[in-house]
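Chemist:
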Amino acid sequence: MGEAVTLNSNSHNHFRLKTNLTVWVFYSSDRFHLHISQELANCDNLSFETISLHSLVVANLAHFSPPDLIFVETGPNWAQKVMELQHYEAPQEQQDNHEASLIVFGNENDNGALKIALKIGAADFISDRVVLSEMMPMFKNAVEDKLASRSIGDMYAFVNTKGGAGASMLAVNTAIEMAKVYPEKVLLLDLDLQFGVANDYLNISSSYGLADAIANVSDMDEMSLASYVTKHKSGLHMLTFKPENGHDNYDKAKNFNKLLPVLREVYPYVIVDLSRGLDRIFASVIVPANKVFLVTQQNLVAVKNSARIIKTLTFEFGLGREQIELVVNRYEKRQSIKLKDISETLPGVKVHMIPNDFKAAVESANLGKPYVQSKKNSSLAKSVIQFTRTLVPETEQKLSWIKRLFS
Ligand SMILES: Nc1ncnc2c1ncn2[C@@H]1O[C@H](COP(=O)(O)OP(=O)(O)OP(=O)(O)O)[C@@H](O)[C@H]1O
Ligand SMILES: [Mg+2]
Numbered sequence: 001m002g003e004a005v006t007l008n009s010n011s012h013n014h015f016r017l018k019t020n021l022t023v024w025v026f027y028s029s030d031r032f033h034l035h036i037s038q039e040l041a042n043c044d045n046l047s048f049e050t051i052s053l054h055s056l057v058v059a060n061l062a063h064f065s066p067p068d069l070i071f072v073e074t075g076p077n078w079a080q081k082v083m084e085l086q087h088y089e090a091p092q093e094q095q096d097n098h099e100a101s102l103i104v105f106g107n108e109n110d111n112g113a114l115k116i117a118l119k120i121g122a123a124d125f126i127s128d129r130v131v132l133s134e135m136m137p138m139f140k141n142a143v144e145d146k147l148a149s150r151s152i153g154d155m156y157a158f159v160n161t162k163g164g165a166g167a168s169m170l171a172v173n174t175a176i177e178m179a180k181v182y183p184e185k186v187l188l189l190d191l192d193l194q195f196g197v198a199n200d201y202l203n204i205s206s207s208y209g210l211a212d213a214i215a216n217v218s219d220m221d222e223m224s225l226a227s228y229v230t231k232h233k234s235g236l237h238m239l240t241f242k243p244e245n246g247h248d249n250y251d252k253a254k255n256f257n258k259l260l261p262v263l264r265e266v267y268p269y270v271i272v273d274l275s276r277g278l279d280r281i282f283a284s285v286i287v288p289a290n291k292v293f294l295v296t297q298q299n300l301v302a303v304k305n306s307a308r309i310i311k312t313l314t315f316e317f318g319l320g321r322e323q324i325e326l327v328v329n330r331y332e333k334r335q336s337i338k339l340k341d342i343s344e345t346l347p348g349v350k351v352h353m354i355p356n357d358f359k360a361a362v363e364s365a366n367l368g369k370p371y372v373q374s375k376k377n378s379s380l381a382k383s384v385i386q387f388t389r390t391l392v393p394e395t396e397q398k399l400s401w402i403k404r405l406f407s
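Counting in the UniProt record's numbering, the sequence shown runs from 1 upward without gaps.
(1) Which residues in the same chain have their Cβ closer than 6 Å to the Cβ of residue 422, if we skip the five residues on either side of it in sequence?
(2) Give the range of the alpha helix (DSSP H) segment to which Lys359 is assigned.
(3) Say yes only if the C-beta of Ala253 is nearer than 8 Å to one or more non-hydrogen atoms of ligand 2, and no if none qualify.
(4) Between the alpha carbons of Ser205 and Lys258, how many angstroms are there, rounded?
(5) Report the CB separation of Ala167 from Ser275 in whole angstroms; it is logged as a contact under 8 Å.
(6) Thinking just about the alpha-carbon of each residue, which of Glu73, Ala90, Val328, Glu134 is nearest to the one in Leu114?
(7) Could you compute how far the alpha carbon of Arg389 sits from the alpha carbon of Val130?
(8) Work out the CA separation of Phe282 and Phe158 for me, nearest whole Å.
(9) Would you decide whether Leu278 is buried or exposed? Buried here means 16 or more other CB atoms lie within 10 Å of its CB.
(10) Excluding sequence positions up to five away, which residues of its chain have a Cβ less than 8 Å from the Cβ of Pro91?
(11) List the whole-angstrom C-beta distance separating Ser37 from Leu53, where the pair is believed to meet the contact cut-off of C-beta under 8 Å.
(12) Kindly confirm or deny that the stretch 130–147 and the stretch 232–242 touch, where touching means at least three C-beta pairs closer than 8 Å.
(13) Alpha carbon to alpha carbon, how far is Lys140 from Ser11? Give it in angstroms, no decimals.
(14) Measuring from the CB of Arg150, is there a heavy atom of ligand 2 at a distance below 8 Å?
(15) Could you say which of Val327, Lys350, Lys291 lies nearest to Gly153 if we only look at CA atoms?
(16) Given a cut-off of 9 Å, decide if Ala165 and Gln297 are closer than it, judged by their beta-carbon atoms.
(17) CB of Gly163 to nearest heavy atom of ligand 1: below 8 Å?
(18) Could you check whether the Cβ of Val285 sits closer than 8 Å to any heavy atom belonging to ligand 2?
(19) Mind checking whether Val351 and Ser343 have CB atoms under 9 Å apart?
(20) Which whole runs of the alpha helix (DSSP H) in the UniProt domain "AAA" (156–313) are 4 residues long or more, in chain order?
(21) Quick check on the burial criterion: 16 or more other C-beta atoms within 10 angstroms. Buried or exposed for Lys376?
(22) Can you give me the start and stop residues for the beta strand (DSSP E) that His352 sits inside?
(23) Alpha carbon to alpha carbon, how far is Gly320 from Ile309?
(24) Give the straight-line distance between the Cα atoms of Ala59 and Ile402, rounded to the nearest whole angstrom.
(25) At a cut-off of 8 Å, would you count Asn160 as near ligand 2, judging by its Cβ distance to the nearest heavy atom?
(26) Would you mind listing the beta strand (DSSP E) stretches within the stretch 82–153 that are 3+ residues and don't spill past its ends, in chain order?
(27) When the Cα atoms are used, what is the spatial distance from Glu49 to Ala41?
(28) Would you identify the three-state DSSP class for Val384, choosing helix, strand or coil?
(29) Is Gly368 buried or exposed, if buried means 16 or more other CB atoms sit within 10 Å of its CB?
(30) Which residue comes first and which comes last in the beta strand (DSSP E) that contains Leu69?
(31) Using CA atoms only, rank isn't needed, just tell me which of Glu177, Pro66, Phe32 is closest to Val23.
(32) Confirm the yes/no value for this check: CB of Arg330, any heavy atom of ligand 2, distance under 8 Å.
(33) Quickly, what does DSSP pair Trp24 with across the bridge? List them, please.
(34) Measure the Cβ-Cβ separation of Glu108 and Ile120 and say whether it is below 9 Å.
Structure follows, in structure tokens:
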């Protein structure tokens with residue numbers, strides 16, 4: 001992972017990285033500005049911002065994506081200017097888990113500048129005439145660090161305890177609500193091989209299916225994965241099986257376990273619609289899931305099935321009780337089976353409740369508009385929003401990445 005590859009013999013000075021890197025370049029001279037811009041432009045997946053050190057306004061940096069590398073050219077007062085960066089307050093969403101390295105560019109024989117660079121925490125001091133090929137090992141390391149520091153995504157599976165209990169609708173709306181908090185970071189997987197509905201519930205169509213992604217798993221990385229996923233305007237990404245390719249889907253599904261680690265590496269949150277029940281073929285999803293939500297309703301069959309599925313999850317799949325939670329969908333107070341009866345029948349399992357709202361649910365399904373967006377104020381949407389909050393971890397206040405850079 002992470003190696004740079006020369007594209008072809010005609011573009012011997014053109015390189016590609018396996019994941020995106022962002023560089024902020026603070027320049028002192030126009031010569032360096034021009035030179036480094038020309039060099040960096042020849043590297044695919046590397047985006048950069050150039051900022052004049054003379055006219056640096058720290059507050060304006062918040063408009064840029066946070067950098068993986070910060071380049072600084074030595075020049076008049078350069079070190080003081082760099083120290084000013086410490087006053088930069090990164091936007092809240094950029095605070096978590098971000099790391100950047102400082103690289104100083106200057107005359108390699110300038111011992112004074114070299115010493116200052118080390119003192120302020122630079123990871124390297126490089127000639128200001130360096131060419132792209134000489135910088136590639138550094139970019140390659142940055143890519144590897146970035147990939148290694150990436151933790152594996154949380155995964156939540158929604159399983160039906162009876163056909164039509166509502167697992168798909170809950171999975172879709174939960175995923176949309178999560179994507180509101182973490183846009184482009186949530187992946188919804190619809191693992192139904194024949195009757196996937198996620199696309200219809202969101203009124204989108206995909207050019208590729210999960211089977212295509214599985215078929216190409218051997219060269220799958222973040223960049224290639226982006227061409228298989230479908231993006232909803234909310235910022236939610238999706239992968240679904242194309243229902244018209246039934247046979248192929250079944251064949252490819254056997255290798256789904258090979259694709260899953262890549263998905264979890266790229267997406268911090270993976271929501272899985274497993275509404276068709278527990279299929280061994282998808283054991284790779286069930287076993288490591290942070291939570292398996294059993295979607296049930298207030299009727300005897302569904303509750304009985306829930307008990308049976310909990311047993312299977314515990315004894316055959318080896319899940320702990322804390323991994324399993326029950327969602328009573330279409331809840332109505334007046335039903336003869338009460339929440340208390342369900343909790344007593346299924347001890348040790350946390351129970352959530354989603355109210356019955358036939359009109360909102362049907363309208364949302366028919367129009368392809370998730371109710372957490374289109375019916376925000378309904379009690380149905382509110383309860384799903386509240387449910388989603390139980391999954392999204394509290395954001396802790398951490399030392400901003402720019403402060404860590406100098407600490
Ligand atoms: N909270 C709710 N209140 C009222 N109706 C609901 C609710 N949740 C879901 N429904 C209705 O139930 C129907 C089935 O929902 P959904 O597709 O989510 O079920 P499923 O469990 O995934 O079904 P399948 O077994 O087909 O996979 C939907 O058409 C929707 O209108
Ligand atoms: Mg379903």
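Glycine included, each C-beta is placed from N, C-alpha and C at the ideal position.
Every value quoted in this text rests on a predicted model; they were computed, and no experiment measured them.
Modeler: From the atom records:
(1) A query on residue 422 cannot be resolved here, the shown segment of the chain reaching from 1 to 407 and no further.
(2) For Lys359, the uninterrupted alpha helix (DSSP H) segment begins and ends at 358–367.
(3) Of the heavy atoms belonging to ligand 2, none sits nearer than 8 Å to the Cβ of Ala253.
(4) Rounded to the nearest whole angstrom, the CA to CA distance from Ser205 to Lys258 is 25 Å.
(5) Taking C-beta atoms under 8 Å as the contact rule, Ala167 and Ser275 qualify, at a distance of about 4 Å.
(6) It is Glu73.
(7) Spanning the two alpha carbons is a distance of roughly 49 Å.
(8) Going from the Cα of Phe158 to the Cα of Phe282 covers about 12 Å.
(9) Classification for Leu278: buried.
(10) When the five nearest sequence neighbours on each side are left out, the beta carbons in the same chain lying within less than 8 Å of the beta carbon of Pro91 are those of Ala62, in order along the chain.
(11) Wrong, their Cβ atoms sit about 15 Å apart, outside the cutoff.
(12) Two segments are said to touch when three or more pairs of C-beta atoms, one from each, lie closer than 8 Å; by this definition the stretch 130–147 does not touch the stretch 232–242.
(13) For Ser11, the predicted structure reports a pLDDT of 44, less than 50, and the residue's modelled location is therefore unreliable. The matter cannot be settled from this model.
(14) No, the beta carbon of Arg150 sits no closer than 8 Å to any heavy atom of ligand 2.
(15) Gly153 has its Cα closest to that of Lys291, out of Val327, Lys350, Lys291.
(16) Going by C-beta atoms, Gln297 is nearer than 9 Å to Ala165.
(17) Yes; taking the cut-off as 8 Å, the Cβ of Gly163 has a heavy atom of ligand 1 nearer than that.
(18) False, no ligand heavy atom lies under 8 Å from that Cβ.
(19) Going by C-beta atoms, Val351 is nearer than 9 Å to Ser343.
(20) The UniProt domain "AAA" (156–313) contains these whole alpha helix (DSSP H) runs: 167–181, 198–201, 210–215, 222–225, 246–253, 256–266, 283–286.
(21) That one is exposed.
(22) Under the DSSP assignment, His352 falls in the beta strand (DSSP E) whose first and last residues are 350–355.
(23) Between Gly320 and Ile309, the alpha-carbon positions lie close to 13 Å from each other.
(24) In this structure, the straight-line span from the alpha carbon of Ala59 to that of Ile402 is close to 13 Å.
(25) Answer for Asn160: yes, Cβ within range of ligand 2.
(26) Those beta strand (DSSP E) runs which fall completely within the stretch 82–153 and span 3+ residues are 101–106, 124–127.
(27) Rounded to the nearest whole angstrom, the C-alpha separation of Glu49 and Ala41 is 11 Å.
(28) Assigned with DSSP and collapsed to three states, Val384 falls in helix.
(29) Note on Gly368: under 16 other CB atoms within 10 angstroms of its CB, so exposed under the neighbour-count rule.
(30) First-last of the beta strand (DSSP E) with Leu69: 69–73.
(31) The shortest Cα separation from Val23 among Glu177, Pro66, Phe32 belongs to Pro66.
(32) Taking 8 Å as the cut-off, one finds no heavy atom of ligand 2 near enough to the beta carbon of Arg330.
(33) Paired residues: Glu49, Ile70.
(34) Their beta carbons are not under 9 Å apart, which means Glu108 does not touch Ile120 by this criterion.
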